[in-house]
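Going letter by letter, the sequence shown gives residues 691 to 926 in my numbering.
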Amino acid sequence: MSLAKTSLFLSITLLVIGCTDSKPKQKFNAQSLLLEKCSSCHNLDMPPKTSPDEKAPPMMAVTFHIRDFMKVNNPSEKKQKFIDFVTDYALNPSAEKSFCDKKSLEDYGVMPSQKGKVSKDELQAIARYMYDHYDPEKFMKLMQEQARLAALPTHKRVIEQKNCLSCHDIEKEKIAPSFKTIAKRYNVNQIDELSKSIKNGSRGKWEGFKLSMPPFKDLKDSEVKSMAEWILSLKK
Numbered sequence: 691m692s693l694a695k696t697s698l699f700l701s702i703t704l705l706v707i708g709c710t711d712s713k714p715k716q717k718f719n720a721q722s723l724l725l726e727k728c729s730s731c732h733n734l735d736m737p738p739k740t741s742p743d744e745k746a747p748p749m750m751a752v753t754f755h756i757r758d759f760m761k762v763n764n765p766s767e768k769k770q771k772f773i774d775f776v777t778d779y780a781l782n783p784s785a786e787k788s789f790c791d792k793k794s795l796e797d798y799g800v801m802p803s804q805k806g807k808v809s810k811d812e813l814q815a816i817a818r819y820m821y822d823h824y825d826p827e828k829f830m831k832l833m834q835e836q837a838r839l840a841a842l843p844t845h846k847r848v849i850e851q852k853n854c855l856s857c858h859d860i861e862k863e864k865i866a867p868s869f870k871t872i873a874k875r876y877n878v879n880q881i882d883e884l885s886k887s888i889k890n891g892s893r894g895k896w897e898g899f900k901l902s903m904p905p906f907k908d909l910k911d912s913e914v915k916s917m918a919e920w921i922l923s924l925k926k
């Protein structure tokens, strides 16, 4: 075969291979998929929030349970086996396959098949995210952090969680008045007024400061009161 014919043959071969080659797998936002496909029945929080009318176990509990009871010869195989199990079980669920204990199966029942609601590729992405996100080590670190925050005085916990020091300082003016400056404006009998400013935010209340304080509606009344009491204590 001449060089020209060989080159032509190779070009045609590569063209055919390129045309018949399957398309690359679609990339999924697994976190969004988990929320879209699973949150109507499973609680996705870590740590989970439980309620008396939940339709299925929290997703963290599901993940931990499968990871704990799944047998593998080699630990490196566990993640893929987990993905394969979750994918198969969601499409073809049965009591025999389940790792749930008898009481959980009685309480929740066997989950309905998700055929037609989620694809195999989507399930694999979801399972991979479950395995990585609901990780026991991450959970332990999260619980340790929650315990640390819970041990703080209420006002210190609020200051840290709401990142108050990014705008305020105790002594110096920043992009918002210092806590001591705020304390000077209110007397001890105005704790309710100060609490409302913390809860509802404020705008145009402080001359020379253009930034509006956002509302913190999610704070409990006890947390708001603790912040107000602490700020007023700075008068001393």
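All C-beta atoms in this analysis are idealised placements derived from N, C-alpha and C, irrespective of residue type, glycine included. Predicted model, so just to flag it, every value in this text is computed and none were measured.
Per DSSP, cross-strand counterpart(s) of residue i
i, result
"M903", "S892"
Nonlocal neighbours in the same chain, by C-beta distance under 8 Å from residue i, ignoring five residues either side
i, result
"S892", "S902, M903"
"F906", "K852, I888, K889, G891, V914"
"F759", "F789"
"K828", "M736"
"L832", "M736, P737"
"A840", "R847"
"E850", "L839, L842"
"K768", "R757, M760, V762"
"P802", "P783"
Closest by C-alpha distance to residue i, when choosing among the options
i, options, result
"S923", "I860, N782, V752", "I860"
"K793", "A746, D825, M736, W896", "A746"
"E883", "I865, E827, A918", "A918"
"I865", "N890, G806, E897", "E897"
"D791", "H732, C731, F899, A751", "A751"
"M820", "Q770, K717, K874, S741", "Q770"
"T844", "W920, L781, Q834, D743", "W920"
"L725", "G799, L813, Y798", "L813"
"V800", "P748, Q834, G806, A785", "A785"
"D822", "K925, K895, T753", "T753"
"G806", "Y798, L781, Y824, L795", "L781"
"H732", "M749, T740, D743", "M749"
"S722", "A817, E835, Y798", "A817"
"D908", "K900, K886, F899", "K886"
Separation of residue j from residue i, as counted between CA atoms
i, j, result
"A815", "A720", "5 Å"
"F775", "V762", "12 Å"
"L734", "L842", "27 Å"
"S712", "D811", "In this prediction, S712 has a pLDDT of 48, which is less than 50 and means its spatial position is unreliable; what the coordinates show is noted afterwards. Those two C-alpha atoms are separated by around 15 Å."
"S868", "K862", "5 Å"
"F927", "C857", "There is no way to answer for residue 927, as the model of the chain reaches only from 691 to 926."
"K926", "I872", "13 Å"
"P783", "S729", "18 Å"
"Q716", "T777", "17 Å"
"S826", "K870", "Here residue 826 turns out to be Pro, not Ser, going by the sequence shown. Straight-line Cα distance between these residues: approximately 43 Å."
"N764", "I773", "15 Å"
"V879", "S916", "The sequence as given places Asn at residue 879; Val does not occur at that position. The alpha-carbon atoms of N879 and S916 are separated by roughly 15 Å."
"L855", "H755", "41 Å"
"S912", "E835", "21 Å"
"K910", "T740", "20 Å"
Close-in-space but distant-in-sequence residues of the same chain around residue i (CB under 7 Å, 5 per side omitted)
i, result
"Y876", "E883, L884, L922"
"Y798", "A746, P747"
"Y779", "K787"
"L795", "A785, S788"
Close-in-space but distant-in-sequence residues of the same chain around residue i (CB under 6 Å, 5 per side omitted)
i, result
"V808", "K727"
"D743", "none"
"I881", "A918"
Min CB distance residue i to chain D below 8 Å
i, result
"A785", "This model lacks chain D altogether; it includes just one protein chain."
Length-filtered (4 minimum) alpha helix (DSSP H) runs lying within the region 802-890: Counting only runs of 4 or more, we get 810-823, 826-841, 844-851, 869-875, 881-890.
Length-filtered (4 minimum) alpha helix (DSSP H) runs lying within the region 749-776: Here the runs fully enclosed are 749-759.
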